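J.: No gaps in the numbering here: position 272 of the sequence shown is 272 in this note's numbering, and each next residue is one more. We put the CB at the ideal spot given by N, CA and C, even for glycine. Keep in mind it's a predicted model, so treat the numbers as computed, not measured. I'd like to ask some things about the structure below.
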Amino acid sequence: MAERNFSMQAYWDRVAADWQPRLSFARQEQPDWPRWHDEALAKLRDLMGDWPDRVDLNPVIEYSVQDSDLIRERIVLDTEANMSVPCVLLRPKDMPADRKQAAILCSHGHGRYGKDPVAGIRSSAGHNADIAAMNYNYAEQMARAGFLTLAPDLRVFGERRDGEDPFPGRDPCNVNYVKGSILGLYPLTLNVWDLMRCVDYLQTRPEVDPERIGMMGLSQGGTMTTFTAALEPRIKAADIIGYVNPWRRFGIERANFCGSQVVPQVYRYFDTHDIAGLIAPRPLLVEMGIYDSCFPIQDLLAGYAGVETIYRAAGAEQDLWQDIHPGPHAFAGNKAFEFFRRYL
1 MAERNFSMQA
11 YWDRVAADWQ
21 PRLSFARQEQ
31 PDWPRWHDEA
41 LAKLRDLMGD
51 WPDRVDLNPV
61 IEYSVQDSDL
71 IRERIVLDTE
81 ANMSVPCVLL
91 RPKDMPADRK
101 QAAILCSHGH
111 GRYGKDPVAG
121 IRSSAGHNAD
131 IAAMNYNYAE
141 QMARAGFLTL
151 APDLRVFGER
161 RDGEDPFPGR
171 DPCNVNYVKG
181 SILGLYPLTL
191 NVWDLMRCVD
201 YLQTRPEVDP
211 ERIGMMGLSQ
221 GGTMTTFTAA
231 LEPRIKAADI
241 IGYVNPWRRF
251 GIERANFCGS
261 QVVPQVYRYF
271 DTHDIAGLIA
281 PRPLLVEMGI
291 YDSCFPIQDL
301 LAGYAGVETI
311 YRAAGAEQDL
321 WQDIHPGPHA
331 FAGNKAFEFF
341 RRYL
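Next comes the structure, spelled out in structure tokens:
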């Protein structure tokens, strides 16, 4: 009789040992990138479930102040009938309103303060610590480099969190995933929707060229950049920081994700490199830290190899960049400035 097992972790490990997602590019017997791209993108859209109905953004600029060489604006947008999004917009103080400037949508990670440290807001020792540990203020850095940047709060983070500890001992992302699942609504989908509506807003800004919008994000922000850029063709260039690595490793073996980063059956059809590969042929930068304790470098390199295969099949390998840096789970800032200047 075969050895019996009572452990769910052992069960998942055994199931995933030889798992091959059904629509993974690596599974194609005769790689045909255009056909795969169309089929995979359609399936990803299907997996995301229902999208909210569009409403008027009703943008309100609550303040606009000069902070050294930047203008900081607090903006609130309506993205659906039952939800609004607070954002921080940053731009050089002398940026002209000529509809010619590039913009970058900057998504935060699974941190305590949502958008604030990404936008360089230093309201506490904790904000400063996060910025120092992860070089986390990339929206501020990109604005100082000449871009207009927009940093929104994702759902259940920052100003959109229902109190300091709404479900004691439990991750609010997971609780909201379960709540949404019984309704057929998923936090990842809703966050992607909010970010798409942020692109809508950026296209209305008097400074911004609607055809020159990029996106970047670290960790969960990397998740959001991966999914949003795959699904939103108006994002012309993307920087995924510390995220693309095999689901079997960080999802099944280490459970290093939350309910805001998945939709049902996603790994049945795709690995993370397949979703990142759907960004092709648009330019993509993938950042990987050799001392990343969240996603080990060996896993990040495996993810990048999968993306590289797809970009090569798409004939876009020259527009796939990598930044392997001697740092932790953080924004490297080595190539991102040159990357966005070239492609936006």
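May I have the straight-line CA-CA distance separating residue 332 from residue 236, to the nearest angstrom?
T.: 21 Å
J.: Pick from 51, 76, 68 and 196: whose alpha carbon is nearest that of residue 62?
T.: 76
J.: Hey, residue 307 and residue 189: beta-carbon distance below 8 Å or not?
T.: no
J.: Residue 187 lies in the alpha helix (DSSP H); which residues open and close that run?
T.: 187–202
J.: Report the rounded CA-to-CA distance for residue 194 versus residue 4, giving the unit in angstroms.
T.: 46 Å
J.: Let me know if residue 265 comes out buried or exposed under the rule of 16 or more other beta-carbons within 10 Å of its beta-carbon.
T.: Classification for residue 265: exposed.
J.: Find out if the Cβ-Cβ distance for the pair residue 103, residue 150 is shorter than 8 Å.
T.: yes
J.: Per the contact definition of three or more C-beta pairs closer than 8 Å, is the region 116–126 in contact with the region 314–321?
T.: no
J.: Among the candidates 201, 255 and 243, whose CA atom is the shortest distance from the CA of residue 55?
T.: 201
J.: Within the same chain, show all residues whose beta-carbon is closer than 6 Å to that of residue 239, passing over the 5 residues directly before and after it, in chain order.
T.: 216, 285 and 336
J.: Taking the alpha-carbon positions, what's the residue 227 to residue 221 distance?
T.: Roughly 10 Å separates the two Cα atoms.
J.: Kindly indicate which three-state DSSP category residue 173 falls into: helix, strand or coil?
T.: helix
J.: Does the Cβ of residue 380 have 16 or more other Cβ atoms within 10 Å, making it buried, or fewer, making it exposed?
T.: With the chain covering 1 to 344 only, the question about residue 380 has no answer from this structure.
J.: If you check the beta carbons only, do residue 278 and residue 230 fall under 8 Å apart?
T.: Note that the C-beta distance between residue 278 and residue 230 is below 8 Å.
J.: In this structure, how does DSSP classify residue 158 when only helix, strand and coil are distinguished?
T.: It is helical.
J.: With DSSP collapsed to three states, give me the class of residue 132.
T.: helix
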